[in-house]
Structure formats: structure tokens, C-alpha cells
Amino acid sequence: MSLAPLARIPKAELHLHIEGTLEPELAFELAARNGITLPYADTEELRKAYLFADLQSFLDLYYSLMAVLVTEDDFEALADAYLARAAEQGVRHAEIFFDPQAHAARGVEMGTVVEGLHRALARSEARHGISTKLIMCFLRDRSAESAMETLEAAKPYLDRIVGIGLDSAEVGNPASKFREVYEAAGALGLRKVAHAGEEGDPSYVWEALDILGVERVDHGLRSLEDPELVTRLVRDRIPLTLCPLSNVRLRTIDMLEDHPLVKMMDAGLLCTVNSDDPSYFGGYVGDTFHAVHEALGIDHERVRELARNSFVASFLDGSAEDEALRARYIAEVEAYELDDISG
Ligand code: ES4
Ligand code: ZN
1 MSLAPLARIP KAELHLHIEG TLEPELAFEL AARNGITLPY ADTEELRKAY
51 LFADLQSFLD LYYSLMAVLV TEDDFEALAD AYLARAAEQG VRHAEIFFDP
101 QAHAARGVEM GTVVEGLHRA LARSEARHGI STKLIMCFLR DRSAESAMET
151 LEAAKPYLDR IVGIGLDSAE VGNPASKFRE VYEAAGALGL RKVAHAGEEG
201 DPSYVWEALD ILGVERVDHG LRSLEDPELV TRLVRDRIPL TLCPLSNVRL
251 RTIDMLEDHP LVKMMDAGLL CTVNSDDPSY FGGYVGDTFH AVHEALGIDH
301 ERVRELARNS FVASFLDGSA EDEALRARYI AEVEAYELDD ISG
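Here the sequence shown is numbered in UniProt numbering, starting from 1 and rising by one per residue.
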């Protein structure tokens, strides 16, 4: 089924875990290639395991399925499959998370992951019309020492990595644990983002801002609960990378209709809409635009605003070349025909 024009508006995707794009079909293909037996009879049975109760039950499956990712070729195939899907969804620029510690734990080294992903990313503009950047995430339920070792392991590959992030189980793992590693990454010239306020309350967002010095907050779903936090986020133009389908699937909210996206935009927050782990959460980013349009009654001007915000919030500001690319993408958003289509 081809996607509605509204869903295909040119956009950047800023909150996307590459491991969360692993579709069941590719998982079985890579498992066969690597001689791994998955504990599911077939893709249908695997999909049935996607009924998550919360973040932790998702993470358990997400980490276990990564076992099929072993070689550079596997990571290349994973990224290439995502980019092909993303192109169909109107994505023009993607800032892609990866979880090196989850692979190192299985004996897969940093170089295998980064070089494999890079192979696909290096030809993405030519093949898929998508510019890309790579963001390395630390797992917040592991130690600060492990994060520091990961940063050390990434040093030979820093020309391939634009920034760092923080993901995995949030509650009970506050950002403060990672102050030193964020300082060290900043000194290396890396940009900083972090998941904050996904399941956790606004205090997690405050810590990400004040202790880690993040430039962008991944989720921040419950920010409206704290008016002072809203004031701060608006004042400093800190973008939020929201993931509405993820919030529903992980049961942080009951229904998409309950999502605070519109209220957050009304409050002046710089909101973006993203897919998080699209293979697991029932939709890629264009599908997500379509879903919020339908469920929240987001009108065409707001759709255009979300698309524009995605480029404004991107890290396409590090060079004159990137700035020019961003200006071109924003011009594409402004010129995109929305008004004479039903969406
Ligand atoms: C994640 Cl939805 C989500 N939250 C936290 N960490 C993650 N890693 C991959 N997906
Ligand atoms: Zn995420």
C-alpha cells in the first residue's frame, strides 16, 4: 500500500534506533546466514511477541533479537533496509542511533558495527536520497565505567560519529551517573542528546539538561507536568524528539488520542515526530505523521511545522555544507503541496 502524500512530506528522522528497524523477515534471514536458531517458529510467531507491557518487556526482546547481527555485512544490510523504507516515507535526512554496548556484550566489536553501518550510510544520498549522521548511545542501565570504555573504543571512528546519546531502562538510572562521560565526549567535539522523560518524570529531563548539557531531548513526554521546565525548554529552543507510536505500544499513554503533542506545540515547545523502533512499534515515521494527523486532528500547517522542525532540530548546522543542505530541505518543506490533497 502506498503512503498518502501527507505522510510523505520531506522530513528528518532524529530519533531512530537502527537495531529497532530489524524486521522479522530480515531477522530470520540473518539468523540463517549466521547459524543462529531463534526461539520462534516463524516471522508470524515473532510478531506475536510484539505485545509489550512496558519499556522493559520491549527491551528484553530488542536485545535478544540483536543476536542475529554479527558481521559488517549484517549491519550494512540492516541500515540499507531502513534507508530504503525511510525513503518511501519522505525521509530526507536521518540521525541514527546505535547501541555498541549491546553488541560488545556479544563479542561484536565497535569497528564491525560502525564500519558495517557506515557502508550503507556512505552511499545513502546516492541510493536513497537521504543524508545521514550516526549517534552512539550508552546504555543507562550499565555502569559509567562501561560507558567510558565505550567512548574510548569509539575514538578511532570519531569521523563517522556526530554525537552521543543515552538510552535503555530509564527509571532508577538517572543521567547524573554519566556526567563524566558526557564531559569527555563534549571535549572530543561530539554533540549531546539523551533519552529523558520517556517513562520517567520531568526530573529526568532537568538532569539531562543541567548535568549532561544535552542540546536535544529524546522524548520529554511528560514535560508539560512542570511549567518551569517548559519555560526552560522554550527559552533555550531545546528540541524534543517525540515518538507517539512508541508511547502507545510501550503503554506510556493509553491511546494515541491522549498524546500531548498538540498541547506541547501550543506551549511553544520545538516538537518533532519520530518512529523510535519502527519494526517493533507498528509504523515508520511517515506512518507516524499520518497517525497523528488522524488521531489528533493535526492540520496541514501543523504537519508542515513538524516537518520544518525536524530539520531545524537536526545537527545539520556543523558546517557551511550542512547549513546549505538544511536550507534546501526546508525549502522543499515549504514548497510541498498539502492543501489540495486529502492526506
Ligand atoms: C528504546 Cl523505546 C526505547 N527507550 C529506551 N531505550 C531504547 N533503546 C531502543 N529503544
Ligand atoms: Zn528511543
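Cβ coordinates follow ideal geometry from the N, Cα and C atoms, glycine included.
This one's a predicted model, so the numbers in the text were calculated from it and none came from an experiment.
- Cα atoms of VAL108 and LEU224: separation of roughly 40 Å, rounded to the nearest angstrom.
- Within the same chain, Cβ atoms closer than 6 Å to the Cβ of LYS177 are found at ALA144, the five residues on either side in sequence being excluded.
- Nearest to GLY283 by C-alpha distance, out of ASN34, PRO174 and TYR82, is TYR82.
- Sequence-distant Cβ neighbours of ILE36 in its own chain, meaning closer than 7 Å and more than five residues away, are ALA67 and VAL68.
- Contact check between the stretch 9-20 and the stretch 305-324: three or more CB pairs, one atom from each, fall below 8 Å, which counts as touching.
- Collapsing the DSSP output to three states places HIS259 in coil.
- As summarised for the stretch 63-101, the continuous beta strand (DSSP E) elements at least 3 residues long and confined to that stretch are 91-98, given in chain order.
- Comparing C-alpha distances from ILE298 to each of ASP276, ASP277, LEU269 and GLU257 shows the shortest one belongs to GLU257.
- In terms of side-chain proximity, the C-beta atom of SER246 is found nearer than 7 Å to a non-hydrogen atom of ligand 1.
- Minimum Cα-Cα distance from ALA291 among the listed residues ASP167, ALA324 and SER246 corresponds to SER246.
- Three or more Cβ pairs drawn from the stretch 233-243 and the stretch 267-278 lie within less than 8 Å of each other, which places the two stretches in contact.
- By alpha-carbon distance to GLY200, the top candidate from ALA154, HIS219 and SER319 is HIS219.
- At least one heavy atom of ligand 1 lies less than 7 Å from the C-beta of LEU55.
- For ILE135, the uninterrupted beta strand (DSSP E) run begins and ends at 131-139, by DSSP.
- By alpha-carbon distance to GLN101, the top candidate from GLU88, SER131, ASP73 and ASP141 is ASP141.
- Within the DSSP secondary-structure output, HIS17 pairs in a beta bridge with PHE97.
- Excluding the 5 residues flanking it on each side, LEU65 has same chain C-beta neighbours closer than 7 Å at LEU22 and ALA27, in chain order.
- The closest CA to that of MET264, considering only VAL248, ARG222, GLU294 and ARG251, is found on ARG222.
- Annotation: ASP60 to ALA49 spans about 11 Å, alpha carbon to alpha carbon.
- Ligand 1 has no heavy atom closer than 7 Å to the beta-carbon of TYR204.
- Look at ASP167: its beta carbon is less than 7 Å from one of the heavy atoms in ligand 2.
- According to the DSSP assignment, ALA32 belongs to the alpha helix (DSSP H) that extends over 24-33.
- The three-state reading of DSSP puts THR272 in strand, counting E and B together.
- The beta-carbon distance between LYS192 and GLY163, rounded to whole angstroms, is 6 Å. This is short enough to meet the 8 Å contact definition.
- With a threshold of 16 other beta carbon atoms within 10 Å, THR231 falls short and is exposed.
- Around the beta carbon of LYS133, 16 or more other beta carbons lie within 10 angstroms, which makes this residue buried.
- Within the same chain, Cβ atoms closer than 7 Å to the Cβ of GLU88 are found at LEU3, the five residues on either side in sequence being excluded.
- Taking the Cβ atoms as the reference, GLU152 lies roughly 24 Å from ARG119, outside the contact range of under 8 Å.
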